[in-house]
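Q:
There are 2 protein chains.
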Amino acid sequence: MNAPLRMPLGPAAPGLRADMKGQCSDCNTGGLCLATGLDSVSKMRFDRLVGQHRRIAGGDMLYRTGQPLHSLYTVRCGFFKTRRRGPAGDQITSFPMTGELLGLEAVGTGIHQSDAVALEDSIVCELPFAALELLFEDIPGLHRRFYRMMSYEINRQQHLMILLGNMRAEQRMATFLIDMGAAYASRGYSPVRFQLRMSREDIGSYLGLTIESISRLLARFTKLGLITVNKRAIVLNDPQRIAEMASGFSPCSPMV
Amino acid sequence: MNAPLRMPLGPAAPGLRADMKGQCSDCNTGGLCLATGLDSVSKMRFDRLVGQHRRIAGGDMLYRTGQPLHSLYTVRCGFFKTRRRGPAGDQITSFPMTGELLGLEAVGTGIHQSDAVALEDSIVCELPFAALELLFEDIPGLHRRFYRMMSYEINRQQHLMILLGNMRAEQRMATFLIDMGAAYASRGYSPVRFQLRMSREDIGSYLGLTIESISRLLARFTKLGLITVNKRAIVLNDPQRIAEMASGFSPCSPMV
DNA sequence: CGTGCGCTTGATAGAAATCAATGTCAGTGG
DNA sequence: CCACTGACATTGATTTCTATCAAGCGCACG
Chain S
-14 MNAPLRMPLG PAAPGLRADM KGQCSDCNTG GLCLATGLDS VSKMRFDRLV
36 GQHRRIAGGD MLYRTGQPLH SLYTVRCGFF KTRRRGPAGD QITSFPMTGE
86 LLGLEAVGTG IHQSDAVALE DSIVCELPFA ALELLFEDIP GLHRRFYRMM
136 SYEINRQQHL MILLGNMRAE QRMATFLIDM GAAYASRGYS PVRFQLRMSR
186 EDIGSYLGLT IESISRLLAR FTKLGLITVN KRAIVLNDPQ RIAEMASGFS
236 PCSPMV
Chain W
-14 MNAPLRMPLG PAAPGLRADM KGQCSDCNTG GLCLATGLDS VSKMRFDRLV
36 GQHRRIAGGD MLYRTGQPLH SLYTVRCGFF KTRRRGPAGD QITSFPMTGE
86 LLGLEAVGTG IHQSDAVALE DSIVCELPFA ALELLFEDIP GLHRRFYRMM
136 SYEINRQQHL MILLGNMRAE QRMATFLIDM GAAYASRGYS PVRFQLRMSR
186 EDIGSYLGLT IESISRLLAR FTKLGLITVN KRAIVLNDPQ RIAEMASGFS
236 PCSPMV
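Here the protein sequences line up with chains S and W, keeping their order.
Final position of the first sequence in our numbering is 241; the numbers increase by one with none missing.
Final position of the second sequence in our numbering is 241; the numbers increase by one with none missing.
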């Protein structure tokens, strides 16, 4: 069952490339970046805004709770987790990947309300927020795009609230797997074969479960033939049934 | 223990006043509304935007999942719940009260992703969204204020995610009571004596618990002398200890 | 070769859900 | 006026899902 898998595992960890001042024009984040859809003149201006392409080593923090907001960041390549600290423990609130915008929680107060941690060596585009706000005045459609992204974020979080508030462990895991697949799919990778970038503990914190439960759930899904797991490499063998579990069909047996 | 309480219970249900085209200038929503802080000229323009003050009867829906976004709404007086429908059941995502902005989840897609239900007879200011977007171009600071409110909403939801993902039932209830008190306090009412507007079932859906658990928790808090409950009237007798429970101190005994 | 971290697996405990009555109260109609 | 109804709420008994406690595995690394 745990025979060695040979599979394409989604985007490779970035080789920490040297072009630290690349342009948006040669960026492959697809339709996800804030700058997408701008005309070429606006895109040049936006290019000038992007202060730097910062490299973040895996395990390092991009920003942390309590820091003043200097910049928002778009993930150019790599993988992050955002973590909100609470009285009863931490909650992972998202696993941002290529193209996603980081730091929106700080826009209201000017102070970061969570940590952003790189899960692997990553590169981000730094968007100095003060300059971005000025650019809103100049580039038509940019601030519309901005608040739409915030609305998407609100929806993403509500999706997670339903998961945390209403779903059984099995359904949470099924939802997580399907969502991860979809995230890879929207970036041109396989929705059924991918490499998890986060630890079991991170998954647990994200899904409101313990690490032991995560382990048992993956074991059970494997036993049912739904998935194949090798360390952090995942294959969804029966994505349809997993999706049904996520949707609340398929009786959702207990956790043994 | 259940002696009849005589107390001021927060804002009275509105008398469904006749002034359906009141100005922002005579609005008492305090510093919470989108129009707050505008200069008088801008405020007049904003006034003209506000299409109507719609009355919503208790139990009626302001909008529902799947409807196209026509307008955002500010609660002028009254009380709402927003409900997100999910495969495993519904989740109450907020209890908007005076001054709060409704409909932000629809900005990204143009389609409402949740229901807004009035918990009592209420009045809202209708902000036609297309017109609002045009106004962003004209009124300096308005769109900044707008996306800041979205960021606050993101933070509010993250707070709730921590509650749903990490807290025990007792801690959730304590947090809920403190949060409700704070919401009333920020509107000039007592933070320790208030009238809940929502059913036990709504509270349960909001906190990710069953209605029975809510009932037992309130009974237990009462037995401990922390609160006094009479139907939906609540008095926090020991707000400090309740706050400690919310913060994770105070050992959080089981639910019996 | 030990040491530590991430992960798995098993046994047990416990918090909250579920199932099942019962109670309260407002509204309605006989 | 009182019985009936239905929504909302409380309370008790029991079940069950998941956490917790505990042990061990496998692999990378010093």
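Beta carbons: idealized from backbone N, C-alpha and C, even for Gly.
Inspect the beta-carbon positions of leucine 34 of chain S and phenylalanine 114 of chain S and report whether they are closer than 7 Å.
A: The answer is no: Cβ separation not under 7 Å.
Q: Who are the near neighbours of alanine -3 of chain S in its chain, counting only those whose CB is closer than 6 Å to its CB and skipping five residues on each side?
A: Because alanine -3 of chain S carries a pLDDT of 45, less than 50, the predicted location of this residue cannot be relied on, and no value is offered for it.
Q: Name the DSSP bridge partner or partners of isoleucine 219 of chain W?
A: Bridge partners of isoleucine 219 of chain W: W/Phe179, W/Val214.
Q: Of the residues W/Gly63, W/Asp106, W/Glu111, W/Arg69, which one's Cα is nearest the Cα of leucine 148 of chain S?
A: Ranking the options by Cα distance to leucine 148 of chain S, first place goes to W/Arg69.
Q: Pull out every residue of the region 140 to 158 of chain S whose Cβ sits closer than 9 Å to any Cβ of chain W, in chain order.
A: Hits within the stretch, in order: Asn140, Gln142, Gln143, His144, Leu145, Met146, Ile147, Leu148, Leu149, Gly150, Asn151, Met152, Arg153, Gln156.
Q: Determine whether the Cβ of alanine 242 of chain S lies closer than 7 Å to any Cβ atom of chain W.
A: Given a span of -14 to 241 for chain S in the structure shown, any question on residue 242 of chain S remains unanswerable.
Q: Pairing CB atoms from the region 47 to 67 of chain W with CB atoms from the region 93 to 113 of chain W, are three or more of them under 8 Å?
A: Yes, since at least three Cβ pairs between the region 47 to 67 of chain W and the region 93 to 113 of chain W fall closer than 8 Å, the two stretches touch.
Q: Is methionine 146 of chain S near glutamine 76 of chain W, with beta carbons less than 7 Å apart?
A: Going by C-beta atoms, methionine 146 of chain S is nearer than 7 Å to glutamine 76 of chain W.
Q: Just to confirm, is the Cβ distance from glycine 88 of chain S to tyrosine 58 of chain S under 7 Å?
A: Cβ atoms of glycine 88 of chain S and tyrosine 58 of chain S: closer than 7 Å.
Q: If we ignore side chains and look at the alpha-carbon of each, how far apart do alanine 204 of chain S and aspartate 24 of chain S end up?
A: Rounded to the nearest angstrom, the two C-alpha atoms are 49 Å apart.
Q: Can you list, in chain order, the residues of its chain with a C-beta nearer than 6 Å to that of isoleucine 188 of chain S? Leave out the 5 residues immediately preceding and following it.
A: Answer for isoleucine 188 of chain S: Ile199, listed in chain order.
Q: Can you find at least 3 beta carbon pairs, one from the region 129 to 138 of chain S and one from the region 176 to 190 of chain W, that sit closer than 8 Å?
A: The region 129 to 138 of chain S, when compared against the region 176 to 190 of chain W, does not touch it at the 8 Å Cβ threshold.
Q: Mapping the DSSP letters down to three states, classify valine 26 of chain W as helix, strand or coil.
A: In this structure, valine 26 of chain W counts as helix in the three-state DSSP scheme.
Q: Pull out every residue of the region 71 to 95 of chain W whose Cβ sits closer than 8 Å to any Cβ of chain S, in chain order.
A: Cβ contacts with chain S come from Gly71, Pro72, Ala73, Gly74, Asp75, Gln76, Thr78, Leu89, Glu90, Ala91, Val92, Gly93, Thr94.
Q: At a CB distance below 9 Å, what residues from the region 114 to 133 of chain S approach chain W? Give them in sequence order.
A: Under the 9 Å Cβ criterion, the region 114 to 133 of chain S contributes Glu118, Phe121, Glu122, Pro125, His128, Arg129, Phe131, Tyr132, Arg133.
Q: Does glutamate 186 of chain W come within less than 7 Å of chain S when only Cβ atoms are used?
A: False, the Cβ-Cβ gap to chain S never drops below 7 Å.
Q: If distances are taken between C-alpha atoms only, which option among S/Gln142, S/Glu111, S/Glu122, S/Gly95 comes closest to tyrosine 191 of chain S?
A: That would be S/Gln142, whose Cα lies nearest to the Cα of tyrosine 191 of chain S.
Q: When you check each C-beta in the region 22 to 51 of chain W against every C-beta of chain S, which residues fall closer than 8 Å?
A: Against chain S - using a Cβ distance shorter than 8 Å - the region 22 to 51 of chain W contributes no residues.
Q: Can you find a CB in chain S that lies within less than 7 Å of the CB of methionine 183 of chain W?
A: Closer than 7 Å: no.
Q: Below 7 Å between beta carbons: does that hold for leucine 194 of chain W and alanine 154 of chain W?
A: Result yes, Cβ atoms of leucine 194 of chain W and alanine 154 of chain W sit closer than 7 Å.
Q: So, with DSSP's three-state summary, where would you put proline 113 of chain S?
A: DSSP places proline 113 of chain S in strand when its eight states are reduced to three.
Q: Could you check the C-alpha separation between alanine 231 of chain S and aspartate 45 of chain S for me, to the nearest Å?
A: Their backbone Cα atoms lie some 33 Å apart in a straight line.
Q: Within the continuous beta strand (DSSP E) that includes histidine 38 of chain S, where are the two ends?
A: Element bounds for histidine 38 of chain S: 38 to 41.
Q: Are any of the Cβ atoms in chain W nearer than 7 Å to that of arginine 226 of chain S?
A: No - not a single Cβ of chain W is within 7 Å of the one on arginine 226 of chain S.
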